[in-house]
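Chains Y and B, in that order, give the protein sequences. Mapping the first sequence onto numbering that gives the first Met the number 0, position 338 (from 1) lands on 337, and the numbers just tick up by one. Mapping the second sequence onto numbering that gives the first Met the number 0, position 742 (from 1) lands on 741, and the numbers just tick up by one. Below is one structure, written out as structure tokens; comments come after it.
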Amino acid sequence: MINFQYARAVSVSEAVRLMAGTPGAKFIAGGTNLVDLMKMDVERPTALIDVSRLPLDTVEETPGGGLHIGALVRNSDLAYHPLVERRYPVLSSALLAGASQQLRNMASIGGNLLQRTRCAYFYDVATPCNKREAGSGCSALGGLNRMNAILGTSDNCIAVHPSDMCVALAALEAKVHVTGTRGERVIAFADFHRLPEAEPQRDNNLAADELVTGIELPQRGFETHYSYLKIRDRSSYAFALVSVAVCLELGGGRIREARLALGGVAHKPWRDAGAEAALSGQSANEATFMRAAALVLSKAKGFGHNTFKIDLARRAVVRALSQAAGGTPQSQSNKKIA
Amino acid sequence: MAPYIGTATSRVDGLAKVTGTAKYAAEYNAPGLAHASMVGATIAKGRITRIDTTAALRVDGVITVLTHENRPPLADNDQAYNDDVAPEGTPFRPLYDGRIIFNGQPIALVVANTLEAARFAASLVRADYLTEPHVTDIHTKRDRGLAVKDPITPLDALFAPPKQRGAPGPALDGADVRHDGEYYVPIEHHNPMEPFASTAVVESDGRLTIYDKTQGVQNVQRYLCSVLGLKQDDVRVISTFVGGAFGVGLRPQFQAVLAALAARALGRSVRVVLTRQQMYVLGYRPAMIQRIVVGANANGTLNAITHDAVTVTSQHENYYRQETGWSGLLYSCANAKYAHRLAKLDLPTACDMRGPSAATGVYALECAMDELAAALKIDPVELRLRCYSDRDQHDNRPYSSKALRECYHQGAEAFGWHTRNPEPRAMRDGSELVGWGMASGVWDAFQAAITVRIRLSANGHAEVACATSDIGTGTATVMTQVAADMLGLPLDSVSVLLGDSTLPASPVEGGSWIAASVSNGIAATADAIRKELLRLAALMPDSSLSGTEADDVGLVDGMLVSRRDNARAVSIADAMRHSAVDQIEREITTNPIEDAARAHNTHSAVFAEVKVDEQLGVIRVTRVVSAIAAGRIVNTKTATSQILGGVVWGIGMALHEETAIDHRFGRVMNANFAEYHVPVHADVHNIKVIFVDEADDSNPLGIKGVGEIGIVGVAAAIANAVHHATGKRVRDLPITLDKLLGKPS
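Take a look at the structure:
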């Protein structure tokens with residue numbers, strides 16, 4: 000085994016202090032991704048700072064009518080939390096679309112935000128990968144890229160962020176609470192993850208010493224018209240080829256507000272303001288949905304194996320919008336597409 | 000006492016397996032056991048110019064690092080590396096020299112006091128290579144394959160394409176309807192749950208006991224002796240339980256050599272467990288490009304079939320099976336022609352994987368038959384009935400039994416096939432298109448010579464021993480049932496010993512031949528026990544069985560009983576005690592009955608329902624009915640499980656399985672259970688298994704075997720159902736949803 004230091008933090012401030020003083024350290028909570036990466040030699044932390052027992056495991060209503068979710072709440076606990084099921088069903092649905100029950104039981108909410116790409120080249124240290132080793136090259140560009148990105152790619156990286164939960168959080172416009180040695184700050188969800196650009200090794204905008212402490216959900220949960228539709232290569236325990244989170248507010252047969260986020264297509268959950276604007280004020284019908292879908296994918300670019308995702312994503316957007324508008328959200332237990 | 004044969008007897012080792020007391024190869028311990036971790040090559044072809052183990056050796060707890068430079072002696076001739084089921088060629092030699100012939104090839108073995116130290120140190124071994132250009136893509140070599148013509152060895156001769164019959168060219172020209180299609184199956188891997196592992200224990204007298212994951216302990220034992228230059232008595236191989244193997248454990252695998260080599264080098268027991276990733280270089284189902292041309296008369300009779308195949312093998316060995324011959328065997332057809340070429344790639348050698356050659360070859364044939372049925376506007380079941388043959392088409396001989404017609408009838412009935420609308424895209428369930436497809440399946444009913452020893456004790460306990468393996472199929476249970484019936488004992492009075500190279504001789508367990516072979520071996524050995532019991536019974540004063548012929552007595556409930564008059568009976572215990580015999584032991588080799596005048600096969604008819612989301616192409620296999628004709632079913636429970644497993648695997652073959660190789664690196668990129676997809680529970684819905692009655696007298700118990708037949712035809716039935724649902728023919732597996740997305744809807 001690769002030797003590393005281990006320290007269990009008893010407070011957020013201690014965790015952050017330990018991190019700032021230990022170059023090469025990693026926080027560990029559920030460990031469902033980090034331990035795999037360590038086994039595969041992709042991550043070799045000098046120290047693990049165990050944050051799993053910090054008091055960040057509660058779900059509380061905020062004065063503003065939203066919810067504050069502690070970073071250590073388990074994925075399964077959040078998925079089945081009565082307030083989440085009732086008020087933010089798209090989040091519950093997205094959580095249940097991810098991983099397996101066993102993984103959801105272990106995985107923390109904060110960790111879910113920070114899980115790393117499943118790009119095959121990132122995982123295999125015998126192949127070049129800019130995300131794993133800056134400057135070594137991107138093997139996915141000319142290689143096996145069925146699972147890779149079609150939006151927001153760069154010449155350096157076409158990896159996708161694998162989370163389902165984050166796609167729903169993007170649509171809900173959650174906020175990420177973080178604490179570092181310089182204090183606390185709140186990051187809008189859209190600003191949390193990054194596109195690869197010239198630094199694909201950086202997945203997000205956290206500073207090196209910052210710890211995710213919680214997620215804040217705004218008051219609006221879109222509990223009537225929503226859907227999380229995940230399209231994958233088998234019925235469960237598979238990462239998304241394409242996933243779509245939709246939140247709609249309807250009135251008088253028209254769309255008052257639309258939120259649309261895509262997973263499996265980019266280095267971060269993908270929002271498209273233009274497409275959402277194109278939905279707003281329009282009749283909730285197929286023509287409207289197709290226009291919006293075309294807008295979302297208008298700048299998409301395929302790399303061979305994954306080119307079909309452009310068409311698939313378009314169809315999935317239309318379907319998810321139809322599900323949401325019709326009040327027939329996708330079930331995560333019945334695998335038939337609603 | 001009711002017989003056990005034919006019942007749903009639960010596994011005799013089920014409790015041990017589910018409670019964890021059943022020990023597998025990696026679970027044996029020994030004093031001072033060292034742990035080893037393998038290092039794999041990161042290039043596909045070339046040679047090692049320098050291998051640096053200094054950093055690995057510095058790791059606390061590391062004992063040694065074996066490489067081609069410092070390993071103990073290994074045999075230097077190909078013959079020594081041959082094994083019972085090796086194809087022709089030059090077998091791979093682990094750690095032999097610096098030559099790299101496939102990516103992931105073992106280049107070093109780190110041995111340490113702990114697994115953790117071994118694994119860490121393995122990550123520090125550095126190799127420099129001189130690389131050579133490699134080819135790992137079947138498509139780049141499809142037109143440059145090596146033709147399979149006149150194999151050298153008898154084993155390979157079995158698998159060469161059959162000779163042409165009739166004149167297929169003119170027959171095709173004269174056909175009313177002709178279908179010509181190319182089908183593709185990618186490389187697939189076996190992925191047994193249990194990792195490949197060997198624990199090499201150095202006994203106090205210096206001999207080696209190897210606890211190995213294998214389908215043939217004696218094959219491994221002979222192989223290790225010849226590779227390591229050891230005497231037969233110096234190596235014992237044990238494999239009591241096997242957590243699935245599916246063909247990848249038929250040949251001795253390199254972890255056994257590595258463990259034995261390290262144990263010899265150190266004089267210390269060593270365990271090697273391969274990681275899941277490392278198991279992707281052991282062997283695979285060869286990718287197959289195949290073209291089938293069928294010609295038919297308007298009335299639905301076949302007049303010609305041609306089948307051309309290209310399959311993958313390594314540069315160093317020519318692996319192939321009867322990939323094309325199934326096409327000309329199954330249906331009545333006067334003209335047939337076959338060609339088979341090998342794409343020799345810089346990969347490990349392909350190997351047997353469940354239903355080898357039939358799973359792939361029959362997939363293409365049965366898709367082609369479906370396409371022909373559509374062209375002829377004849378129902379797919381009806382077409383197969385019109386082409387039905389009661390004779391083996393290759394050799395024009397009758398079958399020992401063939402109840403395929405009953406499979407079609409009973410399967411169709413159970414499925415509700417008669418309500419099928421023949422038009423594609425005509426059946427719907429809301430947003431889903433519904434498709435019904437079917438296919439036939441065929442496999443061999445092999446039998447092999449096998450030796451069984453039975454020891455019957457006067458206390459009424461019997462021990463049955465044979466070196467066969469139980470690879471999870473239920474062999475130990477079947478052996479117990481058969482012995483109990485043949486000896487007239489309750490199940491719990493029979494114990495079975497298997498998976499030990501010191502036991503009486505058995506071939507490797509594979510090809511579905513063990514159930515028939517070992518059962519008839521037990522029956523023959525039990526016969527000899529019965530004769531001896533009758534001899535002892537006749538020695539008793541006033542024996543009611545004196546003068547009775549052996550064939551006229553049976554063993555029932557601990558008694559030797561006249562079959563003509565069951566009042567004439569003698570207690571087995573009394574007969575043995577009278578002659579002061581504590582134990583009767585017989586060891587008998589049973590050879591298959593010579594029966595070349597007849598063909599011996601199992602058959603199936605598979606019916607599948609799929610529901611396909613019209614907009615998104617998401618496919619669900621909602622129902623499968625598999626009707627099987629496989630002679631007498633010894634254990635309806637374990638046999639049903641075999642077929643269920645085959646069907647689930649068929650779903651994976653149709654929709655999910657594909658080993659993804661990056662041909663630039665010649666390297667498998669999805670070598671794990673997250674990315675190499677097999678069906679999960681949510682992909683498996685209703686599966687019904689039917690065993691049709693099929694009496695067969697090829698062997699005394701009428702057994703044929705069911706290990707392979709369950710997968711054959713399933714992928715075709717699903718592919719045909721997908722076509723029926725969507726109107727799209729996808730001829731390359733797996734049928735992923737992108738292949739169904741046409742123009743945006």
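Every residue, glycine too, gets a C-beta built ideally from N, C-alpha and C. Note that the coordinates shown come from a computational prediction; the quantities given were computed from them, not determined experimentally.
Cβ neighbour criterion (16 or more within 10 Å) applied to residue 57/B: exposed
Measure the CB-CB distance between residue 520/B and residue 492/B and report whether it falls below 8 Å. no
Based on the DSSP secondary-structure assignment, which residues constitute the bridge partners of residue 105/B? 39/B
If you draw a straight line from the C-alpha of residue 731/B to the C-alpha of residue 16/Y, how long is it? 56 Å
Beta-carbon gap between residue 298/B and residue 165/B smaller than 8 Å: no
Give me the Cβ distance between residue 197/B and residue 255/B, rounded to the nearest whole Å; I'm assuming they're in contact under 8 Å. 4 Å
Please classify residue 744/B as buried or exposed, where buried requires at least 16 other C-beta atoms within 10 Å of its C-beta. The predicted model places residue 744/B with a pLDDT of 37, which falls under 50 and marks its position as unreliable, so this point remains unresolved.
Note down the Cα distance separating residue 315/Y from residue 699/B, rounded to an integer number of angstroms. 60 Å
Got a sec, what are the start and stop residues for the beta strand (DSSP E) residue 121/Y sits in? Premise fails: residue 121/Y lies in the alpha helix (DSSP H), 119-122, not in any beta strand (DSSP E).
CB contact check: residue 668/B to chain Y, cutoff 8 Å: yes
Where residue 149/Y and residue 507/B are concerned, what is the direct C-alpha to C-alpha distance, given to the nearest angstrom? 49 Å
Cβ of residue 210/Y within 8 Å of Cβ of residue 9/Y? no
Chain-ordered chain Y contacts of residue 679/B [CB-CB under 7 Å]: 233, 234, 235 and 236
Does the count of Cβ pairs from the region 446-458 of chain B and the region 578-592 of chain B closer than 8 Å reach three? yes
Could you tell me the distance, in whole angstroms, from the CA atom of residue 119/Y to the CA atom of residue 407/B? 44 Å
Would you mind giving the Cβ-Cβ distance between residue 1/B and residue 665/B, rounded to the nearest angstrom? I have them listed as a contact below 8 Å. With a Cβ gap of about 58 Å, residue 1/B and residue 665/B do not count as contacting.
Short-range partners of chain B found in the region 283-317 of chain Y, where Cβ spacing is below 7 Å: 307, 310, 311, 313, 314 and 315
Taking residue 295/B and residue 175/B to be in contact with their CB atoms under 8 Å, please state how far apart those CB atoms are, rounded to whole angstroms. 7 Å
Tell me, please, which residues DSSP counts as bridged to residue 88/B. 316/B
Within the region 485-529 of chain B, ranges of the beta strand (DSSP E) (whole runs, at least 3 residues): 493-496
At 4 residues or longer, and completely inside the region 275-328 of chain Y: list those alpha helix (DSSP H) runs for me, N to C. 285-295 and 307-324
Following a CB-centred definition, is residue 327/Y positioned closer than 7 Å to any heavy atom of the ligand MN? This structure does not include the ligand MN; it has no bound ligands of any sort.
Taking the straight line between their C-alpha atoms, what separation do you get for residue 820/B and residue 234/B? Within the shown structure, residues of chain B are numbered from 0 to 744, placing residue 820/B beyond reach of any answer.
For residue 284/B and residue 355/B, what's the separation of their Cα atoms in angstroms? 7 Å
If we call anything under 8 Å between Cβ atoms a contact, is residue 386/B one with residue 300/B? yes
Does DSSP put residue 167/B in a helix, a strand or coil? helix
Same chain only: Cβ atoms within 7 Å of residue 259/B, ignoring 5 sequence neighbours per side: 199, 207, 209, 223 and 227
Taking C-alpha atoms, which residue in 154/Y, 245/Y and 139/Y lies nearest to residue 147/Y? 139/Y
If I'm right that residue 39/B touches residue 277/B with Cβ under 8 Å, what's the distance once you round it to whole angstroms? 6 Å
Which whole-angstrom value is the C-beta distance of residue 128/Y and residue 155/Y, which I expect to be below 8 Å? In fact, because the Cβ distance is near 10 Å, the residues do not count as touching under 8 Å.
Look at residue 266/Y and residue 194/Y and say whether their C-beta atoms are less than 8 Å apart. yes
Within this structure, are the beta carbons of residue 245/B and residue 21/B separated by less than 8 Å? no
Per-residue burial, residue 48/B [other beta carbons within 10 Å of its own, 16 or more giving buried]: exposed
Considering only the alpha carbon of each residue, which of 714/B, 201/B, 693/B and 644/B lies closest to residue 630/B? 693/B
Integer-rounded CB distance, given that residue 268/Y should sit under 8 Å from residue 185/Y: Going by Cβ atoms, the distance from residue 185/Y to residue 268/Y rounds to 18 Å, so no, they are not a contact pair.
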